[in-house]
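Asker:
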């Protein structure tokens with residue numbers, strides 16, 4: 001398992017846990033992240049981690065129509 005896989009798994013776990021609990025603050029406290037980080041992740045990954053592919057280098061992405069779109073100029 002790569003580092004990216006581990007990070008993706010953590011993000012999915014936190015989103016899933018927040019949905020189970022019905023409480024984002026509590027899920028974030030359990031994992032030790034801020035709510036603002038949670039909401040950035042949620043915006044990037046959509047509902048429970050559905051995404052169109054890997055993020056471009058540098059993690060820059062735009063959300064358009066519910067899916068990720070590579071930022072202009074990203075390879």
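Residue numbers (this note's numbering): 1 to 75.
From the three backbone atoms N, C-alpha and C, an ideal C-beta is built for every residue, glycine too.
Taking the alpha helix (DSSP H) that residue 9 falls in, what are its first and last residues?
Answerer: On the chain shown, position 9 is the one that residue 9 refers to. Per DSSP, residue 9 belongs to the alpha helix (DSSP H) from 3-21.
Asker: Compute the Euclidean distance between the alpha carbons of residue 19 and residue 33, then round it to the nearest angstrom.
Answerer: Against the chain shown, residue 19 aligns to sequence position 19. Against the chain shown, residue 33 aligns to sequence position 33. Whole-angstrom Cα-Cα distance: 16 angstroms.
Asker: Skipping 5 residues on each side, what residues in its chain have a beta carbon closer than 6 angstroms to that of residue 36?
Answerer: Within the chain shown, residue 36 is the residue found at index 36, counting from 1. For residue 36, where only same-chain residues beyond five positions count, there are no Cβ hits under 6 angstroms.
Asker: Can you have a look at residue 11 and say buried or exposed, based on whether 16 or more other CB atoms are within 10 angstroms of its CB?
Answerer: Here residue 11 corresponds to residue number 11 of the chain shown, with the count starting at 1. The residue in question, residue 11, is buried, as its Cβ has 16 or more Cβ neighbours within 10 Å.
Asker: By how many angstroms is the C-alpha of residue 3 removed from the C-alpha of residue 25?
Answerer: Position 25 of the chain shown, counted from the first residue, corresponds to residue 25. Position 3 of the chain shown, counted from the first residue, corresponds to residue 3. Rounded to whole angstroms, residue 25 to residue 3 spans 25 angstroms at the Cα level.
Asker: Residue 15 and residue 44: beta carbons closer than 8 angstroms?
Answerer: Position 15 of the chain shown, counted from the first residue, corresponds to residue 15. Position 44 of the chain shown, counted from the first residue, corresponds to residue 44. Contact: no.
Asker: Specify, as a first and last residue, the run of the alpha helix (DSSP H) that residue 36 falls within.
Answerer: As a working mapping, residue 36 is identified with position 36 in the chain shown. 35-45 is the extent of the alpha helix (DSSP H) around residue 36.
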